[in-house]
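The next block holds one structure in the form of structure tokens; read it before the comments.
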Amino acid sequence: MGLLSYLDAYKSMDDLMAEMKRIKIGKRQLYLWRDEETDNIVGIIGFDQDEEKELVLVRYSSVNPSFDQNEITYAMLTALTQEFPMYTISGSLAMSDILKGWALHEQRTMPHIIHHDGEGL
76 MGLLSYLDAY
86 KSMDDLMAEM
96 KRIKIGKRQL
106 YLWRDEETDN
116 IVGIIGFDQD
126 EEKELVLVRY
136 SSVNPSFDQN
146 EITYAMLTAL
156 TQEFPMYTIS
166 GSLAMSDILK
176 GWALHEQRTM
186 PHIIHHDGEG
196 L
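Heads up: take any position in the sequence shown, counting from 1, add 75, and you land on my numbering.
Laid out in structure tokens, this is it:
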């Protein structure tokens with residue numbers, strides 16, 4: 076519950092408990108991100124998976140404030156693409172700026188996959 080409490084949407088105990096219930100009954104998936112150096116959980120990413128549409132809809136991410144927010148969030152998003160390689164990764168309105176930043180980051184760090192001329196592989 077600790078990392079969820081950093082999110083504005085889960086400041087109230089009722090909202091936090093409702094989200095915990097969604098996770099527990101499988102309506103929402105929650106992945107944890109472990110820091111390799113400290114072996115501590117430093118980030119979480121919550122998403123809905125639509126197998127029929129092959130879509131992962133990222134609802135939120137939260138990172139321990141002691142760590143680089145963008146670096147960890149981008150790593151979690153990249154890990155999702157590796158976990159679900161055939162799925163489209165999308166996000167809630169609250170995640171749109173983060174997803175845009177991640178897409179730009181991926182273009183800079185993986186130019187062999189996403190070319191500047193708009194052509195794919």
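Cβ atoms here follow ideal geometry from the backbone N, Cα and C, with glycine treated the same way.
Helix, strand or coil for S80 per DSSP? Of the three classes helix, strand and coil, the one that applies to S80 here is helix, per DSSP.
Report the three-state DSSP secondary structure of S87 (helix, strand or coil). The answer is coil: DSSP assigns S87 none of H, G, I, E or B.
Could you have a look at R109 and say whether DSSP puts it in helix, strand or coil? Correct three-state label for R109: strand.
Where does the unbroken alpha helix (DSSP H) through L152 begin, and where does it stop? It spans 144-158 - the alpha helix (DSSP H) in which L152 sits, taken as one unbroken run.
Whole angstroms are fine: how far does the CA of A178 sit from the CA of H187? Low local confidence applies: a pLDDT of 41 at H187 is under 50, so the model's placement there is unreliable, with the coordinate-based value given in what follows. Their backbone Cα atoms lie some 14 Å apart in a straight line.
Let's see if you can read the secondary structure: which residues bound the beta strand (DSSP E) around D125? Boundaries of the beta strand (DSSP E) harbouring D125: 116-125, taken from the DSSP string.
Should M161 be labelled buried (16 or more other beta-carbon atoms within 10 Å of its own) or exposed? Exposed: under 16 other Cβ atoms inside 10 Å.
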